[in-house]
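Below is one structure, written out as structure tokens; comments come after it.
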Amino acid sequence: MRMKASDYFSESYAEARQRFLAAASEAGAHIESYENGNARGPGGTRLFMDTAWFGPANAETVLLNVSGTHGAEGYGGSAAQTAWIGEMGPAALPQGVALLMVHAVNPFGFAWGLRGTENNVDLNRNFLDHTKPHPENPLYGEIHRILCPDSMSEEAVQKMLSAGARFVEKYGQWALEDAISRGQYTHPDGYHFGGTAPEWSNVTLSGIVARDLAHAHRVGFVDWHSGPVGDGELIYLCYSEPGSEGFQRAAQWWGREALDPKTVEAMWGSKRPTRRGTMFHGIEEMLAPHAQFSGAVIEFRSAQPKNNAAKAMRVPMLERWLRFIGGFDAPEAARYFEEIREDYAPRRQSWRENVIANGLACYERTLDGLAGWSREGLKAAD
Ligand SMILES: [Zn+2]
31 MRMKASDYFS ESYAEARQRF LAAASEAGAH IESYENGNAR GPGGTRLFMD
81 TAWFGPANAE TVLLNVSGTH GAEGYGGSAA QTAWIGEMGP AALPQGVALL
131 MVHAVNPFGF AWGLRGTENN VDLNRNFLDH TKPHPENPLY GEIHRILCPD
181 SMSEEAVQKM LSAGARFVEK YGQWALEDAI SRGQYTHPDG YHFGGTAPEW
231 SNVTLSGIVA RDLAHAHRVG FVDWHSGPVG DGELIYLCYS EPGSEGFQRA
281 AQWWGREALD PKTVEAMWGS KRPTRRGTMF HGIEEMLAPH AQFSGAVIEF
331 RSAQPKNNAA KAMRVPMLER WLRFIGGFDA PEAARYFEEI REDYAPRRQS
381 WRENVIANGL ACYERTLDGL AGWSREGLKA AD
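In the numbering used here, the protein residues as written are 31 to 412.
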């Protein structure tokens, strides 16, 4: 019997993990668990990245599906994963195709309801060679001080906004957004910090890819995220160059329209920032010697509309305040955690229903696409 959408959603990371593991184990998946010994969640909760493999162990075509890259965004992704296991499951896999689910890539962020890792690192800026000079982001240094007030008071926020407005006058709105979110490697207490070494989550996921996908020749990738304003609609962020083989294939699966930068920017709400050090490119590069790669970061739109600049910056500012100013035990902390949660993983029923419906439909299309890709692969090998 079909379960209600809300039955797949959890109130905490620990509950989400337990639901995922129970469903995977009941479906007969091969499960592995990796503990992050560097950090704990609320109340001393132990933190794990878990994997579940569905389908033939020797499949050459594999869908790699991850959740919780950005911590708190894992609520939607975890629910979609658990729903696939419950509603479709291994019986729905096309011949020759396996599905490798990775649950809670960033369990620290998931458990606390934050976006970054235990080191305030944005994992999607961390997948690059840290022995080489890091990508530059010269404007970030200029706005870091402006955007990092010591207090969340009305006065401090107003001061920040007028300084921000002067910045926009000088460089333009997009330059501000790009400088904030493209990634920076100079301010560990700032926004979208990419780290100075591979994070535990990066090392662990890379190990999983190296071991579990060693025999794969074709890897599809779906990385569930949430955040932009909306109610569970999907935004497909394919980081392959338009026109490349990887992009063409993803467009076959999900539709040219869905991947069109015009559609993506309209749904995202602004022009997309520059990206370096993404997990997408990190995994693609790791697999390049033996496997073709195609996929996307897929966002479940989730946040409520923001009608002014202060509101648009508020959630990242709250995360920063909790980590570096007030601390997780401050009197305001519970309220701030709740506000962040509302943006990435709202409790609205409509959102939860749309996440499950759109998530399951996406799994179906993606697996159909992988079925065709697998047949092509077999033909080519004849
Ligand atoms: Zn995200």
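We treat Cβ as the ideally placed atom computed from N, Cα and C, and that holds for glycine.
DSSP three-state call for residue i: helix, strand or coil?
i	result
Leu130	strand
Val135	coil
Phe251	strand
Ala411	helix
Phe157	coil
Ala227	coil
Met79	strand
His174	helix
Met31	Note that Met31 has pLDDT 44, beneath the 50 cutoff, so the model's placement of it is unreliable and no number is given.
Gln334	coil
His222	coil
Glu148	coil
Ile265	strand
Leu390	helix
Ile328	strand
Ser404	helix
Ser358	The sequence given here has Phe at residue 358, not Ser. Coil, per DSSP.
Leu235	helix
Tyr64	strand
Phe323	strand
Ser183	coil
Asn95	strand
Ser36	helix
Gln125	coil
Ser55	helix
Assuming residue i and residue j are in contact, meaning their beta carbons sit under 8 Å apart, how far apart are those beta carbons, in whole angstroms?
i	j	result
Val127	Leu93	7 Å
Tyr64	Thr226	Going by Cβ atoms, the distance from Tyr64 to Thr226 rounds to 22 Å, so no, they are not a contact pair.
Pro137	Phe78	6 Å
Val96	Ser231	With 8 Å as the limit, Val96 and Ser231 do not qualify as a contact, their Cβ atoms being about 10 Å apart.
Thr216	Tyr269	Wrong, their Cβ atoms sit about 23 Å apart, outside the cutoff.
Ala102	Arg155	At roughly 17 Å, the Cβ-Cβ gap does not stay under 8 Å, so Ala102 and Arg155 are not in contact.
Ile370	Gly143	6 Å
Asp208	Pro303	5 Å
Less than 8 Å between C-beta atoms, sequence neighbours within five positions excluded: which residues of the same chain meet that for residue i?
i	result
Pro86	Gly126 and Ala128
Leu317	Val239, Leu243, Ala246, Val249 and Phe323
Leu397	Leu93, Ala122, Leu123, Pro124, Val127 and Leu129
Leu191	Ala339 and Ala340
Pro258	Ile265, Met297, Trp298, Gly299, Glu329, Arg331, Ser332 and Ala333
Asn388	Gly262, Glu263, Leu264 and Phe330
CB-CB under 6 Å to residue i, same chain, minus the five flanking residues each way: which ones, in chain order?
i	result
Leu400	Thr91, Leu93, Val127 and Gly250
Trp204	Lys301
Leu206	Phe197 and Val198
Met297	Ile265
Ala410	none
What's the C-alpha gap between residue i and residue j?
i	j	result
Gln214	Pro228	14 Å
Met31	Arg305	With a pLDDT of 44 at Met31, under the threshold of 50, the predicted position of this residue should be treated as unreliable, and no value is reported.
Val327	Ile210	20 Å
Gly58	Trp83	9 Å
Asn88	His245	7 Å
His60	Arg248	20 Å
Gln435	Arg395	Residue 435 lies beyond the stretch modelled for the chain, which goes from 31 to 412, so this question has no answer here.
Arg377	Ala281	32 Å
Phe150	Ala141	The residue asked about is misnamed: residue 150 is Asn in this sequence, not Phe. When rounded, the distance between both Cα atoms is 14 Å.
Met182	Leu352	11 Å
Pro272	Lys292	12 Å
Ala288	Val252	14 Å
Pro179	Arg286	43 Å
Pro120	Trp114	9 Å
Met347	Leu177	8 Å
Gly104	Leu390	16 Å
Ala195	Asp152	26 Å
Could you tell me which of the options sits nearest to residue i, measuring between CA atoms?
i	options	result
Thr308	Arg76, Ala54, His222 and Trp114	His222
Asp373	Phe310, His100 and Arg47	His100
Phe157	Ala340, Phe310 and Asn388	Phe310
Gly67	His60, Ile61 and Arg76	Arg76
Pro319	Ala240, Tyr43, Phe358 and Ser256	Ala240
Glu62	Met343, Arg47, Asp398 and Arg212	Arg47
Asp159	Ala339, Gly312, Arg286 and Asp152	Gly312
Asp242	Ala321, Ala54 and Leu123	Ala321
Val385	Pro272, Leu191, Leu352 and Trp254	Trp254
Gly402	Glu314, Trp283, Phe367 and Val294	Trp283
His174	Leu153, Gly220 and Pro165	Gly220
Phe39	Cys392, Gly407, Glu383 and Glu406	Glu383
Thr112	Ser404, Ala54, Gly260 and Asp208	Ala54
Phe367	Val187, Val345, Trp381 and Gln379	Val345
Looking only at its chain, what residues have a beta carbon closer than 7 Å to the beta carbon of residue i, apart from the 5 residues adjacent to it on each side?
i	result
Ile238	Thr81 and Val132
Gly356	Glu362 and Ala363
Glu148	Asn68, Ala69 and Phe138
Ser256	Glu103, Gly106, Glu329, Phe330, Ser332, Tyr374 and Ala375
Would you please verify whether the beta carbon of residue i is less than 8 Å from any beta carbon of chain E?
i	result
Asn232	Judged by its chain identifiers, the structure shown contains no chain E, having just a single protein chain.
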